[in-house]
Structures are given as C-alpha cells and as structure tokens.
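Trainee: This structure is in structure tokens; I'll ask about it shortly.
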Amino acid sequence: MLYYELLPQGHTVTGTVYANQMQKLADAARERRPRQASVHLLHDNARLHVAKETLDKLEKLGWDTIKEIKNVNWLKTFLPP
C-alpha cells in the first residue's frame with residue numbers, strides 16, 4: 003500500500019479533498035517507486051470522480067483512468083498471493 007487516509011468522523015469527501023488525496027498518493031508513489039512513472043487509476047463515473055477539481059488534478063498528474071475491469075486476470079499479477 004502506498005498511501006491511505008482516514009478522514010475524521012463527520013467530514014465529507016469533496017472534490018478538493020479528493021484532489022488533495024490524489025496529490026498525496028502521487029507524492030508517496032514518487033518517493034517509494036521512483037522508477038515507476040505511469041499510474042493507472044481505477045475510476046468510475048461517481049459524482050466525486052468527475053468533479054472539476056478531480057479531473058483537473060488527474061490531468062495535471064498525467065494519470066490514466068480505467069473505467070471498468072472486464073477481465074480481472076491481468077490484475078492478479080499486481081496483487082500479493
């Protein structure tokens with residue numbers, strides 16, 4: 003795991019909060035995996051995922067988004083046994 007954050011009870015995840023979390027994830031990925039340049043983020047069309055702040059941050063970070071997984075066999079290669 004590269005990064006996780008638990009918000010205090012009663013806090014709502016907004017587009018700004020989510021964009022800040024993506025930046026923290028990008029920083030953690032850069033620190034822990036400096037040779038791995040590309041990021042593929044599994045994303046759906048949830049309201050938060052298509053918010054302007056989110057889309058702007060994704061573009062700034064240069065991350066690819068995956069809308070759905072049709073065949074999960076490839077994903078198993080990235081998961082621990």
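So the sequence shown is residues 3 to 83, counted in our numbering. Glycine residues also receive a C-beta, built at the ideal position from the N, C-alpha and C atoms.
(1) On the DSSP bridge list, what partners appear for His13?
(2) Does the segment 19 to 36 come within contact of the segment 47 to 66, defined as at least 3 CB pairs closer than 8 Å?
(3) Thinking just about the alpha-carbon of each residue, which of Thr18, Pro10, Arg34 is nearest to the one in Leu1?
(4) Shortest alpha-carbon distance to Asn22 belongs to which of Leu44, Glu70, Asn75, Lys59?
(5) In terms of alpha-carbon separation, which member of Lys54, Arg32, His45 lies closest to Glu70?
(6) Which full runs of the alpha helix (DSSP H) of 4+ residues lie inside the segment 42 to 68, going along the chain?
(7) Under 6 Å Cβ to Cβ from Leu43, same chain only, skipping five residues before and after it: list those, please.
Mentor: Well, looking at it:
(1) By 1-based counting over the sequence shown, the position of residue 13 is 11. According to DSSP, His13 bridges with nothing at all.
(2) Enough Cβ pairs lie closer than 8 Å, so yes.
(3) Any property of residue 1 remains undetermined from this structure, which presents the chain solely from 3 to 83.
(4) Working through the sequence shown from its first residue, we reach residue 22 at position 20. Ranking the options by Cα distance to Asn22, first place goes to Lys59.
(5) As a first step, residue 70 must be located in the sequence shown, where it is residue number 68. A check of alpha carbon separations from Glu70 across Lys54, Arg32, His45 identifies His45 as the nearest.
(6) Entirely contained in the segment 42 to 68, the alpha helix (DSSP H) runs reaching 4 residues are, in chain order, 54 to 63.
(7) As a working note, residue 43 is residue 41 in the sequence shown. Excluding sequence neighbours, Leu43 sits near Trp65, Thr67.
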